[in-house]
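Numbering (the UniProt record's numbering), first residue to last: 1 to 193.
We put the beta carbon where it would ideally sit given N, CA and C, even for glycine.
Computed from a prediction, not measured in an experiment: that's the story for all the values here.
Printed below as a string of structure tokens:
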């Protein structure tokens with residue numbers, strides 16, 4: 001939310017603490033407030049000199065017709081692979097590609113139920129709660145000679161992930177979503193550790 005990021009930037013310039021900033025945002029925006037992790041992240045960015053309050057957009061290549069077609073074909077393949085007695089739900093984010101008309105038609109055609117990703121809830125995104133911390137941990141404390149060396153190390157860490165790692169990731173995701181569901185959609189920061 002751009003408006004809230006502006007408030008965070010303003011508080012950084014005023015010399016407020018990140019905790020003060022988060023508490024004030026919660027007081028003003030209530031359940032629409034950015035997550036604590038998100039506020040801390042933006043606070044750090046502004047402390048480090050960032051001026052732009054706009055969120056970094058995804059590369060335009062993520063929204064191509066070829067990518068959409070590839071995903072649709074993958075979903076069809078999964079539909080055919082899964083035994084008919086098992087059901088599944090597609091967890092989708094709020095990215096523009098997910099709400100493209102062609103994607104919505106495809107999902108409706110195959111009666112695929114959707115589980116929307118709650119806004120401002122990075123603890124439900126597997127990359128945020130599982131993959132990024134693994135990469136970050138592997139990179140931490142290492143001085144790299146080039147950006148290319150960082151990319152190579154990150155790629156190596158991701159390639160070394162096992163099937164069990166991914167199973168654990170999805171089990172954690174399921175637990176997090178069930179906790180949110182059991183609370184009627186209320187998300188409680190830090191309760192998913």
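Can you find the residues in the same chain that come closer than 7 Å, C-beta to C-beta, to residue i, ignoring five residues on each side of it along the sequence?
i           : result
residue 100 : 68
residue 134 : 157
residue 102 : 68
residue 166 : none
Output yes or no for whether 8 Å exceeds the beta carbon distance between residue i and residue j.
i           : j           : result
residue 73  : residue 34  : no
residue 201 : residue 40  : This structure leaves residue 201 out entirely; the chain is present only between 1 and 193.
residue 7   : residue 43  : no
residue 138 : residue 151 : no
residue 4   : residue 24  : no
residue 169 : residue 111 : no
Report the three-state DSSP secondary structure of residue i (helix, strand or coil).
i           : result
residue 34  : coil
residue 139 : helix
residue 75  : helix
residue 53  : coil
residue 112 : coil
residue 210 : Nothing can be reported for residue 210, as the shown portion of the chain is limited to 1 through 193.
residue 105 : helix
residue 85  : Low confidence applies here, because residue 85 scores a pLDDT of 48, under 50, leaving its location unreliable and the question unanswered by this model.
Take residue i as the anchor and find which of the options has the nearest alpha-carbon.
i           : options           : result
residue 136 : 158, 105, 5, 178  : 158
residue 174 : 144, 130, 104     : 130
residue 108 : 75, 184, 47, 127  : 75
residue 161 : 132, 147, 149, 20 : 132
residue 71  : 155, 50, 48, 106  : 106
residue 38  : 27, 55, 51, 16    : 55
residue 14  : 47, 28, 182       : 47
residue 194 : 164, 141, 10      : Any question about residue 194 goes unanswered here, given that the chain covers just 1 to 193.
Spatial neighbours of residue i within its chain, please: C-beta separation below 8 Å, excluding the five flanking residues on both sides.
i           : result
residue 85  : Note on residue 85: pLDDT 48, under 50, position unreliable in the model; the coordinate value appears next. Cβ within range, chain order: n/a, list empty.
residue 145 : none
Closer than 8 Å, CB to CB, is residue i near chain C or not?
i           : result
residue 154 : Within the model displayed, chain C is absent; a lone protein chain is all it includes.
Leaving aside the five residues before and after residue i along the sequence, list all residues of the same chain whose C-beta is less than 6 Å from its C-beta, in chain order.
i          : result
residue 31 : none
Secondary structure, alpha helix (DSSP H): runs of 4+ residues fully inside the UniProt domain "Mos1 transposase HTH" (5 to 49): Listed in chain order, the alpha helix (DSSP H) elements of length 4 or more contained wholly in the UniProt domain "Mos1 transposase HTH" (5 to 49) are 18 to 29, 36 to 47.
Completely contained alpha helix (DSSP H) runs for the region 132 to 180, where each covers 4 or more residues: Correct list: 132 to 139, 147 to 159.
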